[in-house]
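Okay, structure first, notes after.
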Amino acid sequence: MPGRKAGALMRAGIRYLRFFIVLLLTSLLFSSAVGLAGNRSGSSSPFTPEEQAWLASHGPIVFVSQSSYPPFEFRQKDGSLDGISVELAHWMATEMGLQTRFVSMSFQEAQQAVLSGSADVITSLFYSDKRAATFSFSDPIIDVPASIFVKADRPDITRLRDLQGKRIAIQRGDYAKEFLESQGIRFELVPTENFAQATDAVIAGTADALIGDEQIVLYHLYSNRLTAKAKKVGDPLYVGKNCMATSKGNPLLASIMAKSLNHAREEGVIDGISRKWLGTGMEPKHEGIQRLIPYILHISLAGIIGTVLVLAWGVQLRRKVEEKTQELTEGKLELRMLVEQLSQTNSLLEENVRAAEEEAVRRRQIFEQSRDGIVVLDADGKVFEANRRFAEMLGYTPEELLELHVWDWDACFKQDELRLMIEQLDHSGGLFETRHRRKDGSVYDVDISSSVCYWAGQKLIDCSCRDITDRKSHEEELQKARQAADAANQAKSEFLANMSHEIRTPMNGVLGMAELLGYTELTDQQEEYLSYIKSSGDSLLALINDVLDLSKIEAGKVELENVDFSLRRAINDILNTQISLIHKKKLQMNLELPDSLPEIIRGDQLRFKQILLNLLGNAIKFTEQGSIGVAVQLLDQQQLKLLIRISVSDTGIGMTDEEQQKVFAPFSQADCSTTRKFGGTGLGLTICRQLAELMGGAISVESRLGQGSSFHLDLPFEISGADRDQPADGSGQPEQQVWSGRRLTVLVAEDNSMNQKFIVGLLNKLHLVVEVADNGREALERWKQGGIDLLLMDIQMPEMGGVEALQLLRQQEQVTAQHTPVIALTAHALRGDSERLLELGFDGYLSKPLSLKSLLTELTRVLADS
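Sequential numbering of the sequence shown, starting at 1098, is according to our numbering.
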């Protein structure tokens, strides 16, 4: 019981002690407040009568602050304004008895509000000469250094000039933009509403750097735990004088603000607020200490009383300290782990930086050591960078190049054209040739390969330039050689055209008369001889066609026929044309035709006979004694496909291995003595090989010097579906040709008398009336007399050729409104002759030598079209 009473008395004593302490503190605070009020009421107003009148008539002073400029001014989560400048403005309003109203907005909007009169005082604004033209500034409240901040892992920005060409995040309306422009820094502005957004833009990579007030940026980094993601680099660019400011046109308000701020400075309020928010403060003035002595005494007494209370709370605090100590120990472990992780991250970053530096050095060496000139242009066409090779090509120093534009050296394009090319160039790049002008005025050809890249937001054009002067020189030489070859080829074509005319004209007479002879009464032996003449003539004509049309053979464009024929009969026809030569040289002729050989096959009979005639003719030519052999062998048969070998062998002079290698080359024979002894052009075997290959076959040779040669011709054929018993080549009698149209009068213009007789004989065979003119002039005069139904007009005639006569005839037909068919009659048979003559106005075309069948066919076609 006594213990309980003692405990109750103790608890009651503690309650009385607490009551006493509270009563004492209340008394002290009351006396302090009364003293301060007495001091304030006893002092006179610091404002002049004009300033007091302005305050009375104006109403509340509107202070405007930034919404997000911590720790100077910002909005708390509950919406209230707070910060160094806001707290200072509230103190001035309370201490000086000012009526105020506080609003917040963005930095740029706050400036506009003061200048427009919708607000009176901006609570934070850096002084600058430019702004002093429109604002009245107070004395500086706090010095705020402005520095460069970049992403933590970025090594390339360490000083002011590194900002050249970079993307810089700047708060709208901030002095930093004016500062960079005054320093001549070219940059891409990334505008933000506040420094927090600017910092986040750098961390996110949408800006390369920001220039911001150190306290504000660091406050954002620390309060949001972002210190590991951004860093400050270099010394401060400038130290901003943070002031309050009013509009330039309100001197009374400016004076009121200056007096209020001076009073706050004298009372040590600015220093106290700075220490509260920033942890540091300005050095207080000594005269303020005397004013603080009463406050210090009251505070000391309150501290003594507070000590008593602290002792009473000691046990509880000790327990909390132990708990906090445990938390700190755990935090220390976490911090140590974090430091280790940061150390590993830092090592990795160092390795990455080292690798990046090595890569940059390697790329630079490639750039400088390139054999091609490399120049990088900006979007304006000015040189951004160039290697030494490009400078050497133009004859400038690298320093001189940096002052040039692309149109200073391009000799082909105008300035406007080059600007358009730069503007239109995209990521696909471009390839083109141009000419560059050196410093000394000389020009040279270059090949340009260009591409586009973007660096720090800037469009750059990379151009690789290769000197192609030597290549152009080679191309010019090749062009000259090509022109010379074309001229030689044209001369060859003209020569072949003349040769065609000169050879075909007598050939027309030979074959024409042979054909007319076939329509007469002949003995069997005469018909046999006539068939040999016609067969030899046809083979000779086919050979002439291929030799003359060299362009067709050399281009591999010989047109092949695919007709039914008897292989046995074709071989016999060729042997019969040469049998007299074989007998004359007293040679033995051996022919081997297997019974399994199909009677009728399908292929190009004319080309086959041409090859066989050439091979047989060579065998006879180069064999003085012994025998000639022709053997046919069926190598392969698959359904309707045949592969047949025709071998022509002889016991003649033979060839060495070296001669066999070149025997199929054009204009080549075994040796010069062969040409002198046996004659020939050396073109025959070349044509044989080309024709064999065109027909899908091949030709080869086996030979021994002094013992003879064997040529093997392998050709594919098809088995024909025609009746085996029906001859493929027809009978020996000429096919009867009859004109079934009306009786015509045909005018023949031909200067060769033998050809005149032959053509007149063919037309008489068709029962047509024929008149003859020796040249184009006579033909034109006879036509004017009338009664002519059709003209056969030779092209080359004396006095007036066929083309000139046709043109005069067509001109006169335009007057008479009548049309007379004219068929061109020419010995020209090269590719394109028929098309050219038809374009000139001829109605038809006949190539010498003529046949009754071809003449009848063309007459029928032309008169049907007319």
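For each residue, glycine too, the CB sits at the ideal point set by N, CA and C.
>> What ranges does the alpha helix (DSSP H) occupy inside the segment 1669–1737, keeping only unbroken runs of at least 4 residues that lie completely in it?
In response: 1702–1718
> If you drop the 5 nearest sequence neighbours on each side, which residues of the same chain put their C-beta closer than 7 Å to that of residue 1569?
Replying inline: Once the five neighbours on either side are set aside, the close Cβ partners of residue 1569 are 1542.
> For residue 1223, which beta-bridge partners are listed by DSSP?
Replying inline: 1339
>> Closer than 8 Å is the cut-off here; do at least three beta carbon pairs connect the segment 1516–1529 with the segment 1492–1499?
In response: no
> Just how far apart, CA to CA, sit residue 1767 and residue 1748?
Replying inline: With a pLDDT of 49 at residue 1767, under the threshold of 50, the modelled position of this residue cannot be trusted, and the question is left open.
>> Just verifying my parser: in three-state terms, what is the DSSP assignment at residue 1957?
In response: helix
> Helix, strand or coil: how does DSSP classify residue 1949 here?
Replying inline: Annotated three-state conformation of residue 1949 is helix, per DSSP.
> What whole-angstrom Cβ distance do residue 1299 and residue 1266 have, given they're in contact under 8 Å?
Replying inline: 6 Å
> Going by alpha carbons, who is nearest to residue 1164 out of 1711, 1547 and 1199?
Replying inline: 1199
>> Between the alpha carbons of residue 1194 and residue 1441, how many angstroms are there, rounded?
In response: 59 Å
> DSSP three-state call for residue 1810: helix, strand or coil?
Replying inline: strand
> Pairing CB atoms from the segment 1355–1362 with CB atoms from the segment 1278–1289, are three or more of them under 8 Å?
Replying inline: no
> Pick from 1228, 1430, 1406 and 1248: whose alpha carbon is nearest that of residue 1343?
Replying inline: 1228
> Less than 8 Å separating the beta-carbons of residue 1470 and residue 1487?
Replying inline: yes
>> On the DSSP letters alone, give me the boundaries of the beta strand (DSSP E) that residue 1495 sits inside.
In response: Looking at the DSSP string, residue 1495 is not in any beta strand (DSSP E); the run it does join, the alpha helix (DSSP H), is 1495–1498.
> Taking residue 1923 as the reference, which of 1616, 1889, 1153 and 1871 has the closest Cα?
Replying inline: 1889
>> Quick check on DSSP: helix, strand or coil for residue 1870?
In response: strand
>> Let's see if you can read the secondary structure: which residues bound the beta strand (DSSP E) around residue 1265?
In response: In the DSSP annotation of this structure, the continuous segment of the beta strand (DSSP E) that includes residue 1265 starts and ends at 1264–1268.
> Is residue 1144 near residue 1353, with beta carbons less than 8 Å apart?
Replying inline: yes
>> Checking 8 Å against the spacing of the C-beta atoms, do residue 1744 and residue 1762 come in under that value?
In response: no
>> Among 1715, 1603, 1691 and 1838, whose alpha-carbon lies nearest the alpha-carbon of residue 1678?
In response: 1715
> For the 8 Å Cβ check, are there 3 or more pairs between the segment 1303–1318 and the segment 1233–1245?
Replying inline: yes
>> Whole angstroms are fine: how far does the CA of residue 1939 sit from the CA of residue 1953?
In response: In a straight line, the C-alpha of residue 1953 is about 17 Å away from that of residue 1939.
>> I'd like the span of the alpha helix (DSSP H) that includes residue 1931, first residue to last.
In response: 1930–1937
>> Could you check whether the Cβ of residue 1691 sits closer than 7 Å to any heavy atom belonging to the ligand FAD?
In response: This structure does not include the ligand FAD; it has no bound ligands of any sort.
> Leaving out the 5 sequence neighbours to the left and right, which residues in its chain are closer than 8 Å to residue 1446 when beta-carbon positions are compared?
Replying inline: Only 1250 meet the Cβ criterion.
>> If I measure Cβ to Cβ from residue 1799 and keep anything under 6 Å in the same chain, skipping five residues before and after, which residues do I get?
In response: 1807
> residue 1248 lies in the beta strand (DSSP E); which residues open and close that run?
Replying inline: Per DSSP, residue 1248 belongs to the beta strand (DSSP E) from 1239–1248.
> Can you round the beta-carbon distance between residue 1891 and residue 1932 to whole angstroms, since I take them to be within the 8 Å contact cut?
Replying inline: Actually they do not touch by this definition, with Cβ atoms about 19 Å apart.
> residue 1742 by DSSP, collapsed to three states: which one?
Replying inline: In the three-state scheme derived from DSSP, where H, G and I count as helix and E and B as strand, residue 1742 is classed as strand.
> Roughly how far, in whole angstroms, is the beta-carbon of residue 1197 from the beta-carbon of residue 1254, given that I think they are within contact range, below 8 Å?
Replying inline: Contact doesn't hold; Cβ gap of about 43 Å is too wide.
> Do residue 1898 and residue 1921 have their C-beta atoms closer together than 8 Å?
Replying inline: no
>> Just to confirm my understanding: we take residue 1969, look at its own chain, exclude 5 residues before and 5 after, and list those with CB closer than 7 Å. What are they?
In response: Because the chain in this structure spans residues 1098 to 1963, residue 1969 falls outside the shown range and cannot be described.
> Does the beta-carbon of residue 1676 have 16 or more other beta-carbons within 10 angstroms, so that it is buried, or is it exposed?
Replying inline: By the neighbour-count rule (16 or more Cβ atoms within 10 Å), residue 1676 is not buried but exposed.
> Would DSSP call residue 1490 helix, strand or coil?
Replying inline: helix
>> Check whether the segment 1325–1335 and the segment 1206–1214 touch, using three or more Cβ-Cβ pairs below 8 Å as the test.
In response: no
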